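Numbering (our numbering), first residue to last: 8 to 213.
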């Protein structure tokens with residue numbers, strides 16, 4: 008009789024496969040990475056790996072969603088203990104600052120190349136849109152909360168502002184993708200936070 012596989016075991020195996028996949032995607036590029044590469048990096052057999060993921064595209068989507076889910080957990084966990092939408096936006100920026108440039112560059116390399124891959128494979132657009140909408144929703148809900156509490160401008164379009172928020176954040180990341188100093192990156196993040204809050208707030212920051 009085969010040993011019973013626990014849910015925790017499966018979760019740990021999935022995580023191990025995803026870590027191997029991310030390393031391969033960053034080192035070789037998404038398109039150049041084969042499932043065989045991930046099999047070798049993970050130390051599993053191909054048959055065992057296919058028991059968890061059907062393709063490298065599925066691994067990418069899982070990686071992307073796991074990153075956004077981490078942020079969503081913060082919004083629904085620690086964020087709930089913060090008083091007001093302004094404090095929650097500031098907490099998001101603290102999270103950005105706590106991510107090193109090295110880690111940011113790794114994830115950005117992986118993400119941007121897959122965006123190019125999607126542009127040539129329209130059948131994957133829906134999967135990417137689900138990921139994008141999750142990020143927009145996290146920020147959009149914070150902005151709606153700020154409008155309802157009177158912290159943020161009553162004429163604020165939270166949908167447009169959510170796009171602007173991520174566009175500014177991603178644009179900054181792209182500018183530091185190849186080169187740049189950690190201190191300078193942190194300084195500009197501080198300025199970005201001030202600029203965003205100045206745009207959102209009904210009253211000047213104190």
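Glycine included, C-beta positions come from ideal geometry on N, C-alpha and C. Note that the coordinates shown come from a computational prediction; the quantities given were computed from them, not determined experimentally.
Cβ pair residue i, residue j closer than 8 Å
{"i": "residue 3", "j": "residue 25", "result": "Past the edges of the chain, shown from 8 to 213, lies residue 3, and the structure says nothing about it."}
{"i": "residue 146", "j": "residue 114", "result": "no"}
{"i": "residue 152", "j": "residue 94", "result": "no"}
{"i": "residue 53", "j": "residue 44", "result": "no"}
{"i": "residue 111", "j": "residue 180", "result": "yes"}
{"i": "residue 17", "j": "residue 30", "result": "no"}
{"i": "residue 159", "j": "residue 208", "result": "yes"}
{"i": "residue 169", "j": "residue 150", "result": "yes"}
{"i": "residue 21", "j": "residue 59", "result": "yes"}
{"i": "residue 200", "j": "residue 97", "result": "yes"}
Boundaries of the alpha helix (DSSP H) in which residue i is found, first to last residue
{"i": "residue 121", "result": "108-126"}
{"i": "residue 30", "result": "14-35"}
{"i": "residue 197", "result": "189-207"}
{"i": "residue 57", "result": "53-57"}
Nearest-angstrom Cβ-Cβ length linking residue i and residue j, presumed shorter than 8 Å
{"i": "residue 124", "j": "residue 38", "result": "6 Å"}
{"i": "residue 42", "j": "residue 63", "result": "6 Å"}
{"i": "residue 192", "j": "residue 108", "result": "6 Å"}
Per-residue DSSP class, three states only, for residue i
{"i": "residue 156", "result": "helix"}
{"i": "residue 89", "result": "coil"}
{"i": "residue 39", "result": "coil"}
{"i": "residue 210", "result": "coil"}
{"i": "residue 163", "result": "coil"}
{"i": "residue 147", "result": "helix"}
{"i": "residue 175", "result": "helix"}
{"i": "residue 103", "result": "helix"}
{"i": "residue 185", "result": "coil"}
{"i": "residue 50", "result": "coil"}
{"i": "residue 73", "result": "helix"}
{"i": "residue 98", "result": "helix"}
{"i": "residue 169", "result": "helix"}
- Message: Is it the case that the region 152-171 contacts the region 102-110, given that we only count it when at least three CB pairs across the two stretches are under 8 Å?
- Response: no
| message | Three Cβ pairs or more, each shorter than 8 Å: is that satisfied between the region 128-141 and the region 184-204? | response | no
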